[in-house]
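Encoded as structure tokens, the structure appears first; notes follow it.
Here is the structure:
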């Protein structure tokens, strides 16, 4: 009787794990979970093996990004074209850090302070700079509206929609 009960419990646990894996595959969360497990495995392996520093392999980019934090940035230019160029550069840099490697979790890259604005900075002006720089279909979600006065913006990656969000 005990053997049957333990076997039933084992089958239930196996069924629950299978259902969780299917849900993760369908929702697209398996990749980030696998990357996180891989990073944790590499970190544990590095700490366990007594290898000299010159023999250790480097960590993948998506594993080293976890320790980075938000970087405060100040844009002092008054010209809207220069502000658009600077914003586009920070947006592209955030994409290179997070979205390009599919980090799998939300990450706030920059806190951008725009001190002076002579004319309006819009989503279209920033997108045009990104197109000119070779990013024709850039995954950007612009929530900042039109910028016509000094403002503080956040530039970050949102994993659920796999876009850079400016707000």
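Numbering (this note's numbering), first residue to last: 13 to 179. Positions of the beta carbon are idealized from the N, C-alpha and C atoms, including for glycine. It should be emphasised that the depicted structure is a prediction, and the values quoted were computed from it without experimental measurement.
Residue range of the alpha helix (DSSP H) that residue i falls in?
i: residue 139; result: 135-144
i: residue 159; result: Neither: residue 159 is in no alpha helix (DSSP H) and is coded neither H nor E.
i: residue 90; result: Run containing residue 90: none; DSSP gives neither H nor E here.
Using three-state DSSP, classify residue i as helix, strand or coil.
i: residue 152; result: strand
i: residue 78; result: For residue 78, the pLDDT reaches just 49, beneath the cut-off of 50, and the residue's location in the model is therefore unreliable, although a value from the coordinates is still provided. Of the three classes helix, strand and coil, the one that applies to residue 78 here is helix, per DSSP.
i: residue 69; result: coil
i: residue 129; result: coil
i: residue 147; result: coil
i: residue 29; result: helix
i: residue 163; result: strand
i: residue 22; result: helix
i: residue 61; result: coil
In the DSSP assignment, what residue or residues form a beta bridge with residue i?
i: residue 170; result: 175
i: residue 119; result: 169
Suppose contacts are defined by Cβ-Cβ distances below 8 Å. Is residue i in contact with residue j by that definition?
i: residue 129; j: residue 103; result: no
i: residue 143; j: residue 95; result: no
i: residue 118; j: residue 50; result: no
i: residue 100; j: residue 124; result: no
i: residue 126; j: residue 151; result: no
i: residue 171; j: residue 116; result: yes
i: residue 86; j: residue 122; result: no
i: residue 75; j: residue 54; result: yes
I'd like the span of the beta strand (DSSP E) that includes residue i, first residue to last.
i: residue 84; result: 83-87
Can you tell me the Cβ-Cβ gap for residue i and residue j, rounded? I've got them flagged as a contact below 8 Å.
i: residue 173; j: residue 153; result: 7 Å
i: residue 22; j: residue 36; result: Not quite, the Cβ-Cβ distance comes to about 21 Å (not below 8 Å), so this is no contact.
i: residue 29; j: residue 97; result: Not confirmed; about 50 Å, so no contact.
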